[in-house]
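Chemist:
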Amino acid sequence: MTEQTPTPHADEPASYDVEATQAKWQERWDKLDLFTADEAVVRSGEREKRYALTMFPYPSGDLHMGHAEVMALHDVIARYWWQQGHEVMNPMGWDSFGLPAENAAIKRNEHPATYTYANIETQYQSFKKYGISFDWSRRLHTSDEEYYHWTQWLFLKFRERGLAYRKNSAVNWCPNDQTVLANEQVVDGACERCGAEVTKRDLTQWYFKVTEYAQRLLDDMAPLEGRWPDRVLTAQRNWIGRSEGAHVDFDLNLADGSTQTVTVYTTRPDTLFGATFMVVAADAALATEIVAPSQADALAAYVVEVRKENDISRLATDKPKTGVDLGVTAVNPVTGEQIPVWAADYVLADYGTGAIMAVPAHDQRDLDFARAFDLPVRRVIDVPGAENPEESGIATAGNGVYVNSGSLDGLDDKAAGIRATIDLLEERKTGSGAVNFRLRDWLLSRQRFWGCPIPIIHCEKCGEVPVPEDQLPVVLPELTGAELKPKGTSPLAAATDWVNVDCPSCGGPAKRDTDTMDTFVDSSWYFLRYCSPKFEGGPFDPADVKLWGPVDQYVGGLEHAVLHLLYSRFFTKVLHDMGMIDFVEPFTALLGQGVVINEGKKMSKSLGNGVNLGEQIDKFGVDAVRLTLVFASPPEDNIDWADVSPEASLKFLKRAWRLSGDVTSEPGTSVDGGDVALRRVTHKTVHECTDLLERHRFNVVVARTMELVNATRKAIDSGCGAADPAVREAVETVAILLSLVAPYTAEEMWERLGHEPSVAKAGWPVVDESLLVADTVTAIVQIQGKVRARLEVAPSISEADLEALALADAGVQRALEGKQVRKVIVKAPKLVNIVAG
Numbered sequence: 001m002t003e004q005t006p007t008p009h010a011d012e013p014a015s016y017d018v019e020a021t022q023a024k025w026q027e028r029w030d031k032l033d034l035f036t037a038d039e040a041v042v043r044s045g046e047r048e049k050r051y052a053l054t055m056f057p058y059p060s061g062d063l064h065m066g067h068a069e070v071m072a073l074h075d076v077i078a079r080y081w082w083q084q085g086h087e088v089m090n091p092m093g094w095d096s097f098g099l100p101a102e103n104a105a106i107k108r109n110e111h112p113a114t115y116t117y118a119n120i121e122t123q124y125q126s127f128k129k130y131g132i133s134f135d136w137s138r139r140l141h142t143s144d145e146e147y148y149h150w151t152q153w154l155f156l157k158f159r160e161r162g163l164a165y166r167k168n169s170a171v172n173w174c175p176n177d178q179t180v181l182a183n184e185q186v187v188d189g190a191c192e193r194c195g196a197e198v199t200k201r202d203l204t205q206w207y208f209k210v211t212e213y214a215q216r217l218l219d220d221m222a223p224l225e226g227r228w229p230d231r232v233l234t235a236q237r238n239w240i241g242r243s244e245g246a247h248v249d250f251d252l253n254l255a256d257g258s259t260q261t262v263t264v265y266t267t268r269p270d271t272l273f274g275a276t277f278m279v280v281a282a283d284a285a286l287a288t289e290i291v292a293p294s295q296a297d298a299l300a301a302y303v304v305e306v307r308k309e310n311d312i313s314r315l316a317t318d319k320p321k322t323g324v325d326l327g328v329t330a331v332n333p334v335t336g337e338q339i340p341v342w343a344a345d346y347v348l349a350d351y352g353t354g355a356i357m358a359v360p361a362h363d364q365r366d367l368d369f370a371r372a373f374d375l376p377v378r379r380v381i382d383v384p385g386a387e388n389p390e391e392s393g394i395a396t397a398g399n400g401v402y403v404n405s406g407s408l409d410g411l412d413d414k415a416a417g418i419r420a421t422i423d424l425l426e427e428r429k430t431g432s433g434a435v436n437f438r439l440r441d442w443l444l445s446r447q448r449f450w451g452c453p454i455p456i457i458h459c460e461k462c463g464e465v466p467v468p469e470d471q472l473p474v475v476l477p478e479l480t481g482a483e484l485k486p487k488g489t490s491p492l493a494a495a496t497d498w499v500n501v502d503c504p505s506c507g508g509p510a511k512r513d514t515d516t517m518d519t520f521v522d523s524s525w526y527f528l529r530y531c532s533p534k535f536e537g538g539p540f541d542p543a544d545v546k547l548w549g550p551v552d553q554y555v556g557g558l559e560h561a562v563l564h565l566l567y568s569r570f571f572t573k574v575l576h577d578m579g580m581i582d583f584v585e586p587f588t589a590l591l592g593q594g595v596v597i598n599e600g601k602k603m604s605k606s607l608g609n610g611v612n613l614g615e616q617i618d619k620f621g622v623d624a625v626r627l628t629l630v631f632a633s634p635p636e637d638n639i640d641w642a643d644v645s646p647e648a649s650l651k652f653l654k655r656a657w658r659l660s661g662d663v664t665s666e667p668g669t670s671v672d673g674g675d676v677a678l679r680r681v682t683h684k685t686v687h688e689c690t691d692l693l694e695r696h697r698f699n700v701v702v703a704r705t706m707e708l709v710n711a712t713r714k715a716i717d718s719g720c721g722a723a724d725p726a727v728r729e730a731v732e733t734v735a736i737l738l739s740l741v742a743p744y745t746a747e748e749m750w751e752r753l754g755h756e757p758s759v760a761k762a763g764w765p766v767v768d769e770s771l772l773v774a775d776t777v778t779a780i781v782q783i784q785g786k787v788r789a790r791l792e793v794a795p796s797i798s799e800a801d802l803e804a805l806a807l808a809d810a811g812v813q814r815a816l817e818g819k820q821v822r823k824v825i826v827k828a829p830k831l832v833n834i835v836a837g
């Protein structure tokens, strides 16, 4: 990244007091209340609505450089929309439940709320100082009772629709945080929050049935193309993982003489003739159900070892294959052969039924397993140029001619082979065509205290009983310090006075559910609550959501490509189906920003390369930090703080500020008769910046603003004069452009120019199209491909006139002396090419 450093004016004034300017405008902005969105003007049609949203922060300490970047970028959009005359809803709140606050509370021997709300206040004051155009009247905290009341209400509504359910299964377990994790929260086999290696445990947990919406989550991405980053859409498609194939029924012959049918899913039913054994996930319930008594102890011992592994290591292709023969066989439905059934770790319990058909000749993990246990290998596709897998140890995955495949032999069309096999299975009633998804249901239970309690009561007589709506919210009990320490079960279980209740259905003794919800539940609907944060009749006022929703522009980190964004899309679709909202996608457009690094690496205390936001602001001021972050690169790229210069940004801002003091014409002075050259630069800048802002090229907007400052200074110093109305027009334009990035400097300039605050509502400059048309253009004259002249001509010059001018030019005539002009090619108004000899 090349740093673009503005050249400071030699006579830089020292009177621009950054701290005083910030203090002055913070106080005045509070009184002006500039950014409270007025729904009345939207309902009346006076102004169009715009909903600008940035991902709300978690309150762990003060704001950092990552916050500073995303907020600066986001604010450019929101302020630009205000200048364009829109009514902008730009709310902010805090994602305030979660493990960091709970862990901090344990260390401090205090309630998590104490830590959480103290940090919220710190961040709130920092946000105010940072000058973001938030509508603070809509502030919310997900840990407030008035918020999680409705999180619980939504849970119950989802449960009524069959979308929230409880089941026992092997789940991801973080031994450090002592809680379960959703699949999406396991990154490379580790907890995405603390980095601890994730293991498996059998637990009864709550799930949201997100798989019910798998196809719609895929289909509804089509309108987001070009509005969301491609890598986010790709990540979601890969995570949902739609595939087409077949369900195949295998009849198992069990040790006691009975039979049991197991269905497996495969994307390649055409290779079924090569299925020489089956593999069941060792930790799947199916393995325990079907194992022969003689192998039960071996399986149990093996499962103990498997549970120590994470899914990533289990699926690794280079991992030595291990397993246990279950002592049963299955019937291959197309060959009629009896094939052995094994338990192994390279099949996962939550994939389909936890069982696969193994085709070792054409799947490397199957082949490695077959070679490890001397199981048969049968090649059923003759891939051109490939060696025999049985001899080479390398599975062939390409397409070719079917062999050893009964009626498919000789066919070389994969699609036709799949279709023919499905037809055969359906004819024999041993299978059918099917669609499968990689996506699994969302595991939302957490065994921690600081989260939204699950509003379910467990009664031995009545089973699961929802807490009546008039008893919501179920409020967390008062636990602190040692009481919060994780014990493998939720700390709430120890709060007996809270846990033990009467059953709402039968009145008998019952117990509250002691798990809390994943905090991603809170953040899956917060953008809707912003529309009516004080509404008491539901999670939001449907009329207000209809007015403001959906979000027009969402800004935030791409690390949430699957987690938060996918869950929010799921919630939106469910709420649409409930008739509560009229749109199916929550975020019309998404802008993902890079990260701020230092010296080529992620900021870290251990590396000693951290950059403290507060120190940077104290040294250079808010505007210089914001300008530096916006100017450094396109939004989606990373910013290396070692490569940028907030000091240079501050010098530029002072130079722009100085211009506002040089203007001597009065506000409202007619610009007629002003310096045309400067006016052209001004209007061209506005024209280009409008397009650049629409395309989120904010760094180039800053560069164009710098160029306009330079052009204005040059015009003043070269004789245009500070009283020229074109100078006022240019400086006012600079102030409006800077208001998007450097609001303190822009307000100060606007006031010095004689205007009432605020520049944030000044209105976007209107471009005079006639000033975008150049008086002249440069025409290049070439002879034998070499440039011999440059002519300043009118844009409308005819080809005949341009040719005549070119041939009459003295330099051209000298170059043609003694030569004959053979051909003249004219492309008016920019090129004349002369062929001579």
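Counted from 1, the sequence shown has number 34 at position 34 by full-length UniProt numbering; the numbering is strictly sequential. Glycine included, every Cβ here is placed at the ideal spot set by N, Cα and C.
With a threshold of 16 other CB atoms inside 10 Å of the CB of Gln-471, please say whether the residue is buried or exposed.
Modeler: exposed
Chemist: Give every residue of the same chain whose Cβ lies closer than 8 Å to the Cβ of Asn-404, excluding the five residues on either side of it in the sequence, and list them in chain order.
Modeler: Phe-273, Gly-274, Arg-378, Arg-379 and Val-380
Chemist: Who are the near neighbours of Asp-177 in its chain, counting only those whose CB is closer than 6 Å to its CB and skipping five residues on each side?
Modeler: Leu-99 and Cys-194
Chemist: With respect to the alpha helix (DSSP H) encompassing Gly-417, which residues constitute its N-terminal and C-terminal limits?
Modeler: 414 to 428
Chemist: Roughly how many whole angstroms lie between the Cα atoms of Thr-179 and Trp-173?
Modeler: Looking at the backbone, the Cα of Thr-179 and that of Trp-173 are separated by about 6 Å.
Chemist: Could you pull out every unbroken alpha helix (DSSP H) segment of at least 4 residues lying fully inside the stretch 25 to 54, listed in chain order?
Modeler: 39 to 43
Chemist: In three-state DSSP terms, what is Pro-453?
Modeler: strand
Chemist: Which whole-angstrom value describes the C-beta separation of Asp-582 and Lys-534, a residue pair presumed to lie in contact below a C-beta threshold of 8 Å?
Modeler: That pair is no contact at about 22 Å.
Chemist: Start and end of the beta strand (DSSP E) containing Trp-173?
Modeler: 164 to 174
Chemist: Once the 5 residues before and after Leu-708 are set aside, which same chain residues still bring their CB inside 8 Å of it?
Modeler: Val-681, Thr-682, Thr-685, Ala-730, Thr-733, Val-734 and Leu-737
Chemist: Can the beta-carbon of Leu-53 be found less than 7 Å from the beta-carbon of Tyr-554?
Modeler: Contact flag set, yes.
Chemist: I believe Leu-565 touches Phe-520 by the beta-carbon criterion, under 8 Å. Please report the beta-carbon distance rounded to the nearest angstrom.
Modeler: That pair is no contact at about 10 Å.
Chemist: Provide the residue span of the alpha helix (DSSP H) that contains Ile-240, from first to last.
Modeler: Where Ile-240 is concerned, the enclosing alpha helix (DSSP H) starts and stops at 230 to 240.
Chemist: With the cut-off set at 7 Å, would you say Gly-245 and Thr-267 are in Cβ contact?
Modeler: yes
Chemist: Determine, using beta carbons only, whether Gly-436 and Tyr-265 come nearer to each other than 7 Å.
Modeler: The sequence as given places Asn at residue 436; Gly does not occur at that position. Taking 7 Å as the Cβ cut-off, Asn-436 and Tyr-265 qualify as a contacting pair.
Chemist: What first and last residue would you give for the alpha helix (DSSP H) that runs through Ser-758?
Modeler: Here Ser-758 belongs to no alpha helix (DSSP H), and DSSP marks it neither H nor E.
Chemist: Within 10 Å of its beta-carbon, does Met-1 have 16 or more other beta-carbons around it, so buried, or fewer, so exposed?
Modeler: Bear in mind that the predicted position of Met-1 carries a pLDDT of just 35, short of 50, making it unreliable; the figure below should be weighed with that in mind. Around the beta-carbon of Met-1, fewer than 16 other beta-carbon atoms lie within 10 Å, marking it exposed.
Chemist: By how many angstroms is the C-alpha of Arg-655 removed from the C-alpha of Trp-81?
Modeler: 26 Å
Chemist: If contacts are defined as beta-carbon pairs under 8 Å, then Gln-260 and Ile-290 qualify, I think. What distance do you get, rounded to the angstrom?
Modeler: Rounded, the Cβ-Cβ distance is 6 Å, consistent with contact.
Chemist: By how many angstroms is the C-alpha of Arg-438 removed from the C-alpha of residue 838?
Modeler: The chain is shown from 1 up to 837; residue 838 falls before or after that span and cannot be answered.
Chemist: From Lys-308 to Thr-199, what distance separates their C-alpha atoms?
Modeler: 6 Å
Chemist: I'd like the list of long-range same chain contacts for residue 852, defined as Cβ closer than 7 Å, with 5 residues on each side in sequence excluded.
Modeler: Any question about residue 852 goes unanswered here, given that the chain covers just 1 to 837.
Chemist: CA-CA distance, Leu-831 and Leu-218?
Modeler: Their backbone Cα atoms lie some 51 Å apart in a straight line.
Chemist: By a C-beta neighbour count over all protein chains shown, 10 Å radius and 16 as the cutoff for buried, is Pro-57 buried or exposed?
Modeler: buried
Chemist: According to DSSP, is Gln-4 part of a helix, a strand, or is it coil?
Modeler: No answer about Gln-4 holds up, because its pLDDT of 38 lies below 50 and its placement is not dependable.
Chemist: Go ahead and label Glu-460 buried or exposed: buried means 16 or more other beta carbons lie within 10 angstroms of its beta carbon, across all protein chains shown.
Modeler: exposed
Chemist: Quick one, are the C-beta atoms of Ala-282 and Val-303 less than 7 Å apart?
Modeler: For Ala-282 and Val-303, yes; Cβs fall inside 7 Å.
Chemist: Let me know the beta strand (DSSP E) ranges lying completely inside the stretch 276 to 343, each 3 residues or longer, listed in chain order.
Modeler: 277 to 281 and 323 to 331
Chemist: Compute the Euclidean distance between the alpha carbons of Gly-837 and Val-777, then round it to the nearest angstrom.
Modeler: 29 Å
Chemist: So, at 7 Å on beta carbons, what are the nonlocal neighbours of Gly-763 in its own chain, with the 5 sequence-adjacent residues on each side left out?
Modeler: Same-chain partners within the cutoff: Gln-83 and Gly-85.
Chemist: Where does His-564 fall in DSSP's three states?
Modeler: helix
Chemist: For Val-625, report the span of its alpha helix (DSSP H) as first-last.
Modeler: 622 to 631
Chemist: Take Ile-422 and list the residues in its own chain whose beta-carbon comes closer than 8 Å to its own, dropping the five residues that flank it on each side.
Modeler: Ala-246, Pro-269, Gly-431, Ser-432 and Gly-433
Chemist: Could you check where the alpha helix (DSSP H) with Pro-646 kicks off and where it finishes?
Modeler: 646 to 662
Chemist: How big is the Cα-Cα spacing for Ser-137 and Asp-643?
Modeler: 38 Å
Chemist: Are the CB atoms of Ala-78 and Ser-133 within a distance shorter than 7 Å?
Modeler: The Cβ atoms of Ser-133 and Ala-78 lie closer than 7 Å to each other.
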